[in-house]
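Keeping their order, the protein sequence lines are chains D and C. Residue 1 is where the first sequence starts when you use my numbering, and the numbers rise one by one after that. Residue 1 is where the second sequence starts when you use my numbering, and the numbers rise one by one after that. Backbone N, C-alpha and C fix where the C-beta goes; we use that ideal spot for every residue, glycine too. Keep in mind that this is a model prediction, so the values were computed, not measured. To start, the structure under review is shown below, and the notes come after it.
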Amino acid sequence: RKEVEQDPGPFNVPEGATVAFNCTYSNSASQSFFWYRQDCRKEPKLLMSVYSSGNEDGRFTAQLNRASQYISLLIRDSKLSDSATYLCVVNRGSGSARQLTFGSGTQLTVLP
Amino acid sequence: EPEVTQTPSHQVTQMGQEVILRCVPISNHLYFYWYRQILGQKVEFLVSFYNNEISEKSEIFDDQFSVERPDGSNFTLKIRSTKLEDSAMYFCASSEALVPYEQYFGPGTRLTVT
């Protein structure tokens, strides 16, 4: 089983749509969870950390289910500028707290 | 907004040559990292560095790799004898000491080994 698994997409959605990305992770010892976005041939940029109680940042909402080892990201009212690859990222656990494991990413294209 | 910087943006080298990739982490960050991304593949952890020593490294980070903080601002990755399969984008990142250890990435150095 892959350490971090994401639906690769692509997701093509119209402007204004709501889109949801899902991710599962295999290491139950993971303690830190993130969503990054990556534009083509650019660096990963931190979108948001994901907390156990769920958290929201503007149009973006992240949820974590530790029991199911499942993370989600919801984007509301999507914009053209949201087009990117969304990376689900987890740390490797208490012994490797700062070693991040990346998913392969889900590609999003927002269409005019 | 403070950011991680990396030089050069693109490095072309011949197989067997040594390369040094340079990074300037965010100034108040204490943890530094190198990751790589082979074209079309996912980002992979190489090494983390804290208090002038390696704190974690992956299986990829073998004896041909080394890291150094030669002064108060720079953080370098050296590849001693490059191989074709070392061709990748190399990202430097840095983070503060606090959980959840949010890591901020530099723009990367594209390394091409011919």
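Check, Outcome
"Contact set between D/S81 and chain C, taken where Cβ atoms lie within less than 9 Å", "Result: empty, since nearest Cβ-Cβ is about 18 Å, beyond 9 Å."
"Member of D/S52, D/Y70, D/N65 and D/L74 whose CA lies at the smallest distance from the CA of D/G103", "D/Y70"
"Local conformation of D/S83 per DSSP, three classes", "coil"
"Min CB distance D/N91 to chain C below 8 Å", "yes"
"Sheet register partners of C/T76 (DSSP bridge)", "C/R22 and C/E68"
"8 Å Cβ cut-off: residues of chain C touching D/G103", "K42"
"Spatial distance of D/Y51 from C/E96 (CA atoms)", "18 Å"
"Cα-Cα separation, D/R59 to C/E44", "29 Å"
"Element boundaries [beta strand (DSSP E), containing D/F60]", "F60 to N65"
"Delimiting residues of the beta strand (DSSP E) encompassing D/M48", "P44 to S49"
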